[in-house]
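Chemist: Those protein sequences? They're chains A and B, same order as listed. Under my numbering, the first residue of the first sequence carries the number 1, and numbering increases by one thereafter. Under my numbering, the first residue of the second sequence carries the number 1001, and numbering increases by one thereafter. All C-beta atoms in this analysis are idealised placements derived from N, C-alpha and C, irrespective of residue type, glycine included. Note that this is a predicted model, so its numbers are computed, not measured. Below you'll find the structure I mean.
Protein chains: 2
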Amino acid sequence: MRKNPIVQRETLGAAVLQVRSGRATSRTTLAKALGISPSTTGLYVDHLIAEKYLNESGLNQGPMGRPRRILSTQAEAGWFAGLEFNAQRIQAVGVDFSGSLKMTVELPLPADVLADQVIKSLLTCVAKLAETMQGPLLSVGLGVPGLVDAQAGIGLYYAFIPDWNQVPVADEIRSKLKVPVILQNNLRAIALAERWFGLGHGLNDYVILGPRSGFGIAMVQDGRVIEGSHHAAGEVGRWPWPLMEGAGEGKELHHALSAPATWRRLAGVDGLAKLPEDLRAGLAAFADSTGPEWEAVCGDYARVIGLLHMIIDTGVFILHGPLTMLGERFCQSITDAACALMPALREGGLKIVPSTLGDNAGALGAASLAMEAWSPA
Amino acid sequence: MRKNPIVQRETLGAAVLQVRSGRATSRTTLAKALGISPSTTGLYVDHLIAEKYLNESGLNQGPMGRPRRILSTQAEAGWFAGLEFNAQRIQAVGVDFSGSLKMTVELPLPADVLADQVIKSLLTCVAKLAETMQGPLLSVGLGVPGLVDAQAGIGLYYAFIPDWNQVPVADEIRSKLKVPVILQNNLRAIALAERWFGLGHGLNDYVILGPRSGFGIAMVQDGRVIEGSHHAAGEVGRWPWPLMEGAGEGKELHHALSAPATWRRLAGVDGLAKLPEDLRAGLAAFADSTGPEWEAVCGDYARVIGLLHMIIDTGVFILHGPLTMLGERFCQSITDAACALMPALREGGLKIVPSTLGDNAGALGAASLAMEAWSPA
DNA sequence: TTGGGTTTTTTCGCATTCGAATAAAAAGCC
DNA sequence: GGCTTTTTATTCGAATGCGAAAAAACCCAA
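Now the structure itself:
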């Protein structure tokens, strides 16, 4: 038997993350992934197995040599809650310790909802999840709309909930549930969701395009989400647009590229026209569209994405939200238009792809937050 | 006496950096800055003093308690070379171990210079510096124009030196001088120069605006320079401009905002007009200018900076290069124009300042690279 | 079946790093 | 001047993490 006392909780958490993500499958690969020695890694793994967070699930014989003892996360060790909301609804997911989505809950919010009630409803969602999820709740991730101070756990501002100003959501929920609560902006949470549940698996640099009721982006550089000095990185929705004309009401990127605006432009109707009941379906109808409207929309997207690409020189743009219904062709049209407008992009390898995640990407991202933040007691 | 054997070279280097920058002035503050225990810090400092890299320069009595034993770097311990070049000239600086600029060398390059001769000339510059600098050369930093793979030490591409393609500059120079050689793009080196010699002292997030023969930016986020997946972050010069018109020859940001273009626009002459002999002086003449040309130039700058600000939400923009001759008022005009065009910026606290560094900022940045990379043998 | 080759895991001694306690150096205060 | 208070630096035992070497587990070939 080996010596027992180990303490670095943070490293234990990191080890679990590596195993859960599949980046590390054995003690040796885990050692490399964590950058610590194989001997120490052995101790950590022993500890985690003793505490029932990990287990050994068989052997993996390579072409030669002693086979690896495969490590995997113990699904029953507990679960993570991912909560995301906007002014209309809360979406919540329960994810087991292995990182598998087990349950989704959706809760509509009344019109003109206030911060207090949002928090209460968030707790309701967790309670609902807890009814079916196995084991203890380990931590909670929160995807919050608007400006967010992730470090402090405070929701700074959100236009569509009147009193959403300097709300210490994280503390409020932590005090009720007695588990760690981690906060992040909606869209930045989605960036994490891509890493854990979507296309961002092996990626270290990518940008999330989030056209919903407005237009914003989230950037991942070197594996880290960019926050900005004022927590406002990626808030490009208030770019004046079209750029060269003067500023004015309605002349912002929000009004040109949001999901409703995109539908209106494709449908060729003005701002007063009623939106379809189901916007996603409404958009899907245009998946095979052509013509000047299509060109115009793609052109605007191309311009914005082109500019972004030349600034931060990232690898991939992942399109999110309702507009994914427009499919691959939409992304391809944008790529083509961008390369036509900006010859420099041809070499740079511009790549735009629709996300494979659905409507609950935000909640999944919140769950990712929870997973990334957790470490054993 | 304490025990002697210490090995973590990297930590020793980091300790010297903290002392040199003035962030740490005593053993205790150094311990905090490095995130290691005071006891260990004591050992490291002893070692560095024994090796003549640091010394104790008196006491600093606080309001109470035992006074701090002030640590400082030993200027005579050696020196760093900072080299920067473009197609016209090399600039080189010698910086002593305390980080003080001691010497500058400038060497013009012949027209149509090739990579080989650039490298030879770089070595000539180092030799010239070595004649007067005291102590051993410790490391060399290189500010290279164009695309650069900093990690690999390779100059990838530069339009104005014909055979500047995949040049392993770092290795070539290292093999001659037998000291570490660190590479970085020109403008990104300037970003470091601001931190060590200029306005970026306490800053962790800022953007360098570099209008010279073209237009590019360098971004520092959380203390780290952003490189981009293809080493091309900040290469915004090929943005189509004016944005909404189609692409075309000469319709790029380069051609609107470069230093020569700015002069031409302010002077109201077309692209064929001859540039003044001394562009800096020529620009300085417009420092008190007004009128539609001034407005137009500031408007374009305002648009670009505004867009950038909303994307990466950084704290400060530092203007570099010849246009600093236009002074504070230029920056103020841009700020005003940006806030007029983009109401969102008013809250965000947009701040634009001219750099206090002169023409040798690139070389100083290269020297900063050298300092940051060095650690004792 | 036995022995070499290869890769993973563990053992074991060592030493760097830490923490708590101690010493040191000054100021203020009676 | 001695006392306490406060902050900085050092001492010293304890222990975490590392490296080298050994052990383990598997393949393959003779």
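Are the CB atoms of V118 (chain A) and L107 (chain A) within a distance shorter than 8 angstroms?
Modeler: The sequence position of residue 107 (chain A) within the first sequence is 107, counting from 1. The sequence position of residue 118 (chain A) within the first sequence is 118, counting from 1. In this structure, V118 (chain A) does not lie closer than 8 angstroms to L107 (chain A) by Cβ.
Chemist: Provide the residue span of the alpha helix (DSSP H) that contains M219 (chain A), from first to last.
Modeler: Translated into positions along the first sequence, residue 219 (chain A) becomes position 219. Looking at the DSSP string, M219 (chain A) is not in any alpha helix (DSSP H); the run it does join, the beta strand (DSSP E), is F215 to Q221.
Chemist: Run down chain B in chain order and give the residues with a C-beta less than 7 angstroms from the C-beta of S229 (chain A).
Modeler: Position 229 of the first sequence, counted from the first residue, corresponds to residue 229 (chain A). Here the neighbours are D1205, D1313, T1314 and G1315.
Chemist: Check whether the stretch 1273-1286 of chain B and the stretch 1182-1196 of chain B are in contact - that is, three or more C-beta pairs closer than 8 angstroms.
Modeler: no
Chemist: Measure the alpha-carbon distance for S121 (chain A) versus M1342 (chain B) and round it to whole angstroms.
Modeler: What you label residue 121 (chain A) is simply residue 121 of the first sequence in a count that begins at 1. What you label residue 1342 (chain B) is simply residue 342 of the second sequence in a count that begins at 1. The straight-line gap from Cα to Cα measures roughly 36 angstroms.
Chemist: List, in order along the chain, the chain B residues whose C-beta lies closer than 8 angstroms to that of V236 (chain A)?
Modeler: Against the first sequence, residue 236 (chain A) aligns to sequence position 236. Chain B residues near V236 (chain A): L1307, M1310 and I1311.
Chemist: Taking C-beta to C-beta, are L17 (chain A) and L192 (chain A) nearer than 8 angstroms?
Modeler: Translated into the one-based positions of the first sequence, residue 17 (chain A) becomes position 17. Translated into the one-based positions of the first sequence, residue 192 (chain A) becomes position 192. Not closer than 8 angstroms, so no.
Chemist: Please list the partners that L243 (chain A) has in chain B, where partner means a Cβ-to-Cβ separation under 7 angstroms.
Modeler: Within the first sequence, residue 243 (chain A) is the residue found at index 243, counting from 1. Ordered by position in chain B, the residues that pass the 7 angstroms Cβ test against L243 (chain A) are L1243, M1244 and R1303.
Chemist: Quick check: is the beta carbon of W239 (chain A) nearer than 8 angstroms to any beta carbon in chain B?
Modeler: Counting from 1 along the first sequence, the entry for residue 239 (chain A) is found at position 239. Closer than 8 angstroms to some Cβ of chain B, the Cβ of W239 (chain A) qualifies, so yes.
Chemist: So, with DSSP's three-state summary, where would you put Y157 (chain A)?
Modeler: Here residue 157 (chain A) refers to the residue found at position 157 of the first sequence. Correct three-state label for Y157 (chain A): strand.
Chemist: Taking the alpha carbon of H254 (chain A) as the point to measure from, which residue in A:Q221, A:K274, A:I217 and A:Q166 has its own alpha carbon closest?
Modeler: Here the question's residue 254 (chain A) lines up with position 254 in the first sequence. Cα-wise, what sits closest to H254 (chain A) is A:I217.
Chemist: Whole-angstrom Cβ separation of V95 (chain A) and W79 (chain A), contact assumed at under 8 angstroms?
Modeler: Looking up residue 95 (chain A) in the first sequence gives position 95. Looking up residue 79 (chain A) in the first sequence gives position 79. The pair is a contact, with the Cβ atoms about 6 angstroms apart (cut-off 8 angstroms).
Chemist: Decide if the stretch 346-359 of chain A is in contact with the stretch 6-26 of chain A; the criterion is three or more beta carbon pairs, one per stretch, under 8 angstroms apart.
Modeler: At 8 angstroms Cβ cutoff, the stretches do not touch.
Chemist: Note down, in chain order, every chain A residue with its Cβ under 8 angstroms from the Cβ of I1049 (chain B).
Modeler: Residue numbering aside, residue 1049 (chain B) sits at position 49 when the second sequence is read from its first letter. Near I1049 (chain B) there are no residues of chain A at all, since even the closest Cβ is about 31 angstroms away, more than 8 angstroms.
Chemist: For the stretch 1319-1348 of chain B, list every residue whose C-beta sits within 9 angstroms of some C-beta in chain A, in sequence order.
Modeler: Residues of the stretch 1319-1348 of chain B whose Cβ lies closer than 9 angstroms to any Cβ of chain A, in chain order: A1340, L1341, M1342, P1343, A1344, L1345, E1347 and G1348.
Chemist: Any idea if P322 (chain A) is buried or exposed, counting beta-carbon neighbours within 10 angstroms, 16 or more meaning buried?
Modeler: For the purposes of this step, residue 322 (chain A) is identified with residue 322 of the first sequence, where counting begins at 1. Its Cβ being crowded by 16 or more others within 10 Å, P322 (chain A) is buried.
Chemist: When the Cα atoms are used, what is the spatial distance from D46 (chain A) to G62 (chain A)?
Modeler: Along the first sequence, one-based indexing puts residue 46 (chain A) at 46. Along the first sequence, one-based indexing puts residue 62 (chain A) at 62. The straight-line gap from Cα to Cα measures roughly 23 angstroms.
Chemist: Report yes or no: do the stretch 336-355 of chain A and the stretch 1222-1238 of chain B share at least 3 C-beta pairs separated by less than 8 angstroms?
Modeler: With a cut-off of 8 angstroms, the stretch 1222-1238 of chain B and the stretch 336-355 of chain A count as touching, because enough Cβ pairs lie within range.
Chemist: Is M103 (chain A) helix, strand or coil by DSSP?
Modeler: The residue given as residue 103 (chain A) occupies position 103 in the first sequence. Looking at M103 (chain A) - three-state DSSP - the assignment turns out to be strand.
Chemist: Give a yes or no on whether 8 angstroms exceeds the smallest Cβ distance from Q184 (chain A) to chain B.
Modeler: Along the first sequence, read from residue 1 onward, the residue named residue 184 (chain A) stands at position 184. False, the Cβ-Cβ gap to chain B never drops below 8 angstroms.
Chemist: Does the count of Cβ pairs from the stretch 1265-1282 of chain B and the stretch 1152-1172 of chain B closer than 8 angstroms reach three?
Modeler: no
Chemist: Compare the C-beta of Q1221 (chain B) against all C-beta atoms of chain A and say whether one is closer than 8 angstroms.
Modeler: Within the second sequence, numbered from 1, the residue matching residue 1221 (chain B) stands at position 221. For Q1221 (chain B), a Cβ of chain A is located within less than 8 angstroms of the residue's own Cβ.
Chemist: Rounded to a whole number of angstroms, what is the C-alpha to C-alpha distance between A1367 (chain B) and F1097 (chain B)?
Modeler: For the purposes of this step, residue 1367 (chain B) is taken as the residue at position 367 of the second sequence. For the purposes of this step, residue 1097 (chain B) is taken as the residue at position 97 of the second sequence. Looking at the two C-alpha atoms, the distance is approximately 11 angstroms.
Chemist: With three or more beta-carbon pairs closer than 8 angstroms as the criterion, would you say the stretch 30-38 of chain A touches the stretch 48-68 of chain A?
Modeler: no
Chemist: Exposed or buried, what is G1058 (chain B) when buried is set at 16 or more other beta-carbons lying within 10 Å of its beta-carbon?
Modeler: Here residue 1058 (chain B) is taken as the residue at index 58 of the second sequence, counted from 1. G1058 (chain B) is exposed by the Cβ-count criterion.
Chemist: Look at the Cβ atom of V1353 (chain B), then the Cβ atom of L1319 (chain B), and state whether they are nearer than 8 angstroms.
Modeler: For this step, residue 1353 (chain B) is matched to residue 353 along the second sequence. For this step, residue 1319 (chain B) is matched to residue 319 along the second sequence. Contact flag set, yes.
Chemist: Ordered along the chain, which non-local residues of its own chain (more than five positions away) have a Cβ less than 7 angstroms from that of E1328 (chain B)?
Modeler: The count along the second sequence starts at 1 and reaches residue 1328 (chain B) at position 328. Around E1328 (chain B): P1354.
Chemist: Taking the alpha-carbon positions, what's the A1092 (chain B) to T1132 (chain B) distance?
Modeler: Locating residue 1092 (chain B) in the second sequence gives position 92, counting from the first residue. Locating residue 1132 (chain B) in the second sequence gives position 132, counting from the first residue. Answer to the nearest angstrom: the Cα atoms are 13 angstroms apart.
Chemist: If you compare alpha carbons, which of A:E76, A:A14, A:R69 and A:G349 is closest to Q134 (chain A)?
Modeler: Sequence index remark: in the first sequence, residue 134 (chain A) carries index 134 (1-based). Minimum Cα distance to Q134 (chain A) is reached at A:E76.
Chemist: So, does the CB of I1352 (chain B) fall closer than 8 angstroms to a CB anywhere in chain A?
Modeler: Position 352 of the second sequence, counting from 1, holds the residue named residue 1352 (chain B). Taking 8 angstroms as the threshold, the shortest C-beta distance from I1352 (chain B) to chain A does not fall below it.
Chemist: Taking only three categories from DSSP, how would you classify G1237 (chain B)?
Modeler: By one-based count along the second sequence, residue 1237 (chain B) stands at place 237. Helix, per DSSP.
Chemist: Using a Cβ-Cβ cut-off of 8 angstroms, state whether I154 (chain A) counts as contacting chain B.
Modeler: Your numbering for residue 154 (chain A) matches position 154 in the first sequence. Answer no: the Cβ-Cβ gap between I154 (chain A) and chain B never drops below 8 angstroms.
Chemist: Got a sec, what are the start and stop residues for the beta strand (DSSP E) F1097 (chain B) sits in?
Modeler: Here residue 1097 (chain B) is taken as the residue at index 97 of the second sequence, counted from 1. Taken as a continuous stretch (DSSP letters only), F1097 (chain B) belongs to no beta strand (DSSP E), as it is neither H nor E.
Chemist: Of all the options B:L1137, B:G1210 and B:G1155, which has the alpha carbon lying nearest to the alpha carbon of K1178 (chain B)?
Modeler: Within the second sequence, numbered from 1, the residue matching residue 1178 (chain B) stands at position 178. For the residues B:L1137, B:G1210 and B:G1155, the minimum Cα distance to K1178 (chain B) belongs to B:L1137.
Chemist: Anything in the stretch 1068-1094 of chain B with a Cβ closer than 7 angstroms to a Cβ of chain A? List those residues in chain order, please.
Modeler: Within the stretch 1068-1094 of chain B, no residue has a Cβ that lies closer than 7 angstroms to any Cβ of chain A.
Chemist: Could you check which residue in B:G1141, B:L1156 and B:T1073 has the C-alpha nearest to that of V1148 (chain B)?
Modeler: For this step, residue 1148 (chain B) is matched to residue 148 along the second sequence. It is B:L1156 whose Cα lies nearest to the Cα of V1148 (chain B).
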